[in-house]
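**Q** Chains as they are written, first to last, in this note's numbering: chain A, 2 to 250; chain B, 391 to 685; chain C, 31 to 320. We put the CB at the ideal spot given by N, CA and C, even for glycine. Sharing a structure here in structure tokens format.
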Amino acid sequence: MLRIEGVSKHFGGVWALKDCSLDTKQWPVVGLIGPNGSGKTTLFHTITGFYRADRGKVLFQEKEIQGLPVHTIALRGIGRTFQLSRIFESLSLLDNLLISRKTVAGENILSLFFRGGQIRSDERTAREKALTYLNLVGLANKRDQKAGELSYGQRKLLELTRILMLDPDLILLDEPAAGINPTLITKLLSVIQQLKAQGKRFLIIEHNMDVVIRLCDWVYVLDAGTPIAAGPPEKIKNDPVVLEAYFGK
Amino acid sequence: MTNYFLHILVSGEIIALFAMGLQLEIGETGLYNFGHVAFFGIGAYASSLLSLAGLPFLVSLGLALLITGGVTWLIGIPILRLRGDYFGLAMLGFGEITRKIFLNEAWLTKGPMGLPGIPRPSLFGFDIHTLPRFAVFYGILVILVYLMIRHIVRSPLGRVFTAIRDDELSASAIGKNTYGFRKVCLITGALAAGLAGALWAHYITFISPSDFTLNETILALLIIVLGGNWGITGALVSSFFVIGFQEGLRFLPFPDTFGRYIAPVQQMIFGLILVLLVLNRPGNLIKERPASASD
Amino acid sequence: MTIFFQSLLDGLIAGSIYALFAAGLTLVYGTLHFINFAHGELIMAGAFLAYLFMMPPLLLSPLLSGIFAVTGVVLLALLMDKTVFSRLRNANPLLLLIASLGLSLLLQNLAQVLWGAKIRAFPFPLQRGKVFGPVVITSVQITILWVAALTIFLLYLFLKFSRIGKAVRGVADNPVLAKTFGVESEKIIRIVWVVAAILAAVGGILVAADTNLEPHMGIVNLVRAFAAVLIGGAGNVWGALIGGFIIGLSENLGVLLLPIGYKDAIAFFIIILILLFRPEGLFGTRWGVR
């Protein structure tokens, strides 16, 4: 589904990614771990078009996506969350989801004035889908609140459901479990498991090894911008190379 | 006396159109356009020149809006690549360059002398030449534009504008072509300003480059900051307050020797109000800057 | 050809003044991260205070007037920071920008109330220029050049060798570093205002001596300064100084190609071009596109 081939990216002489190659193959949930500053988030930015790699290829469903604008990549089927979740704070929860669709009839300025009926029915259909997702993560009762009023963990859930509205084939999660309480982590895990069962694919950056082990089918370990190990999570957990990368010798 | 109030009303209507455009750009979408006055000027000059060349009012007005929109579309191609204060500054530059063009291309604009004798509006033979008629006709247009912008703001399109204001990166990450949306917003705002400029020219019947300075943009900025959390309605209402105050000062019975102080004192007060409003944080006018992509 | 050399000289003189404006503005921009529109009014205030001291009833010497004017502008800058900018330390830069627009409007119109809108000139006797080869230069212009050179030299010494100066430049050039200064940052900000005000006031007096003064002279000089800041890369003092000379030269050489009426628009063209093609400035900086 997603194949990265020899991607390099540098900032002012520092290589954030160096000859980085990885492939999600057939695994539904792939984990990406590594110490801070090892280039994980840079890789996410590169995949989703925020950065352009200096070298290398990013192939999604066997097609090069490097150089496409961010929004095009999103519409091609890659959804992502951010490390510090980024939701639209002055929109209601419902609007955060309603806006997140591949085509929205009411976003064309001319339709606004000439196709009111079509827009209303488009919004009504979307509203039902949005409510289903809000129910899934247990935020339906807050649907009309401004998203800015949500707690940190709730923001992460909202951000995830916002991605789901786009029906992506691949979902990139940047530290979904960081900084949220155990109850919400459990909730998040069950949501991801459910989605996995529905056929969604994930690439997940996560520090919490517990979460990695419970979720991931395969794990890549990044250090200094290069994958240094790969394998099933239980194996990776005890790999001496990995331990060295995290804790030094 | 009645005439005086009607004049304030008409001026307020014109400035309301101008300020509502800026509210859409800055307040709803976060496009800090410090060169908004350029659109006002282009609308005014285009409509004046066309009707001085003999075209009927409505045709001049329509073409002037087309020209304003076209120019905005063009300059948007490079300038909309910029964001935040850099965008604002580039637009400010565009505004000043536009004024220099009005000033220097005398073959077209008569330069600093300005354009006198701009025809009054006429609708299918019905002349708008008295203050009450201006007040009613322009008032109808203000209400129409107000309703249209409000419709946009409350629509799914307005939702995208808000999303871009909140967090543009995030909006592009959910598949929004933010450049395109910002352009739609800028052109819509520019059309409101262009309309205001044209209506103003046909009302005052004389325009010159000195009417289109940064001060006009600051005036609109003051109006929308004053409008605070009340969005487009706030901009509409506070336009009349600010213009009422501005024109009202002239009306007070100051001795003649004070005459030269009135305009600068009024500007001083506007500056002071702007500072005070900012210090007291006008609600959602300005969002705190979201973290950058690298966080 | 004569006109070319004369324009070159005029460009250098103007450039030496713009360099002062730009160096101060870039320090403020680098440290507080907002475009201070009221920087132009510091320039204007320098010119008008010097004028005030030089004219009846005070009739002080140009040197003494200059010193008093600079002191006055420093106080004005500190007052602006205390009453307005210091209350917005962690606010969005656009909020600070709008506040500075308000201050700018307030101050230029205050000057208009006090002195009227008329264009004035310093009371220097009319001068005959000295001829040097292909160019003519007046003694006022010679004074301008060495005062500007001396000011730049002093700025160099301050930023290069004094402890606080090095800290100021470090903070302006590198926002990440600013955090490591912690408690000292307020002190550094005050020093930045003092330095920026001195540069603006000296420059304002010089520009008034070279040309003239009027209450609304701030904005055009601010624009020149900002163009120079962008050329240098935001926060880069040396780049801003060079940028000032580039603006001075482009304006004076540019009018050989463009109608004179567009002289004031040249800095704007440069701003737009730089923003579009090299937002990090010609001389680079660590924080570019936003």
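Determine the direct distance from the alpha carbon of K58/A to that of E65/A, and round the result to whole angstroms.
**A** Their backbone Cα atoms lie some 7 Å apart in a straight line.
**Q** Any C-beta of chain C within less than 7 Å: which residues of the region 651-673 of chain B qualify?
**A** Of all residues in the region 651-673 of chain B, Y651, P654, V655, Q657, M658, F660, G661, L662, L664, V665, V668, L669 have a Cβ within less than 7 Å of some Cβ in chain C.
**Q** If we ignore side chains and look at the alpha-carbon of each, how far apart do G180/A and I416/B end up?
**A** Computed Cα separation, rounded: 34 Å.
**Q** Under 7 Å between beta-carbons, which chain B residues line up against E90/A? List them in chain order, please.
**A** Within 7 Å Cβ-Cβ: D556.
**Q** Is the Cβ of G547/B closer than 7 Å to any Cβ of chain A?
**A** At residue 547/B the sequence reads Leu, which differs from the Gly that was named. Yes, L547/B lies at the interface with chain A (some Cβ there is under 7 Å from its Cβ).
**Q** Could you give the distance in angstroms between the alpha-carbon of Y569/B and the alpha-carbon of P468/B?
**A** Distance between the alpha carbons of Y569/B and P468/B: 11 Å.
**Q** Could one say the Cβ of H72/A lies closer than 7 Å to chain B's Cβ atoms, at least one of them?
**A** Interface residue, yes.
**Q** Quick check: is the beta carbon of R117/C nearer than 7 Å to any beta carbon in chain B?
**A** Output row for R117/C: interface = yes.
**Q** For the beta strand (DSSP E) holding C21/A, just list the boundary residues, first then last.
**A** Start and end: 15-24.
**Q** Could you please give me the residues that DSSP links to D224/A through a beta bridge?
**A** According to DSSP, D224/A bridges with T227/A.
**Q** Go through the region 64-132 of chain A residue by residue and report every complete run of the alpha helix (DSSP H) that reaches 4 residues or more, in order.
**A** DSSP runs (the alpha helix (DSSP H)) wholly in the region 64-132 of chain A: 71-77, 94-99, 110-115.
**Q** Hey, how far is the Cα of A227/C from the Cα of D175/A?
**A** Each residue's Cα considered, the two are about 46 Å apart.
**Q** For the ligand NAP, is there any heavy atom lying closer than 6 Å to the beta carbon of T32/C?
**A** As for the ligand NAP, it is missing from this structure, which has no ligand bound.
**Q** Please confirm if Y292/C has its CB atom under 7 Å from at least one CB of chain B.
**A** By this cut-off, Y292/C is an interface position.
**Q** Could you check whether the Cβ of A246/A sits closer than 7 Å to any Cβ belonging to chain B?
**A** Not an interface residue.
**Q** Which of the three DSSP states, helix, strand or coil, is assigned to H69/C?
**A** Here H69/C sits in helix by DSSP.
**Q** What separation, rounded to the nearest whole angstrom, lies between the Cα atoms of A151/C and F492/B?
**A** Straight-line Cα distance between these residues: approximately 28 Å.
**Q** How long is the line joining the alpha carbons of L38/C and N282/C, rounded to whole angstroms?
**A** Rounded to whole angstroms, L38/C to N282/C spans 7 Å at the Cα level.
**Q** When DSSP labels each residue in this structure, what does I167/C get in the three-state scheme?
**A** In the structure shown, I167/C sits in a strand (DSSP, three-state: E or B).
**Q** For I206/A, I'd like the list of residues in its chain whose CB is within less than 6 Å of its CB, leaving aside the five on either flank, ordered along the chain.
**A** Once the five neighbours on either side are set aside, the close Cβ partners of I206/A are L33, K41, D175, E176.
**Q** Would you mind sorting G46/A into buried or exposed? The rule is 16 or more other CB atoms within 10 Å of its CB.
**A** Sequence inspection shows His at residue 46/A; the Gly mentioned does not correspond to that position. Buried, by the Cβ-count rule.
**Q** Thinking S437/B and L456/B are a contact (beta carbons under 8 Å), I'd like their distance in whole angstroms, please.
**A** Actually they do not touch by this definition, with Cβ atoms about 11 Å apart.
**Q** Under 8 Å Cβ-Cβ, which residues of chain C neighbour V615/B?
**A** Per Cβ cutoff of 8 Å: I128.
**Q** Would you mind reading off the limits of the alpha helix (DSSP H) that contains K288/A?
**A** Because chain A is modelled from 2 through 250, residue 288/A falls outside the range shown and cannot be assessed.
**Q** Can you give the Cα-Cα distance for L69/A and F51/A, rounded to whole angstroms?
**A** Whole-angstrom Cα-Cα distance: 10 Å.
**Q** Could you tell me which of I659/B, L399/B, A561/B, Y394/B sits nearest to Y528/B, measuring between CA atoms?
**A** Closest by alpha carbon: L399/B.
**Q** Decide yes or no for the touch test of the region 222-234 of chain A against the region 16-36 of chain A: beta carbon pairs closer than 8 Å, at least 3 of them.
**A** A contact exists between the region 222-234 of chain A and the region 16-36 of chain A.
**Q** Could you list which residues in chain C have their beta carbon closer than 9 Å to that of I487/B, in chain order?
**A** Near I487/B (Cβ distances below 9 Å), the residues of chain C are Y292, A295, F298, F299, I302.
**Q** For the beta strand (DSSP E) containing G265/C, name the first residue and the last one.
**A** It is not in any beta strand (DSSP E) - G265/C carries neither H nor E in the DSSP assignment.
**Q** In chain B, which residues lie less than 8 Å from G146/C when you measure between Cβ atoms?
**A** Going along chain B in sequence order, the residues near G146/C (Cβ under 8 Å) are R650.
**Q** Listed in chain order, which residues of the region 400-415 of chain B have Cβ atoms closer than 9 Å to some Cβ of chain A?
**A** Listed by position along the chain: nothing, the set is empty.
**Q** Taking only beta-carbon positions, decide if R81/A is within less than 7 Å of chain B.
**A** Answer yes: the Cβ-Cβ gap between R81/A and chain B drops below 7 Å somewhere.
**Q** Count the C-beta pairs between the region 67-87 of chain C and the region 269-281 of chain C that are closer than 8 Å, then say yes if the count reaches three, no if not.
**A** Not touching, per the Cβ criterion.
**Q** Could you tell me the alpha carbon to alpha carbon distance between V267/C and G233/C, rounded to whole angstroms?
**A** Cα-Cα distance, rounded: 16 Å.
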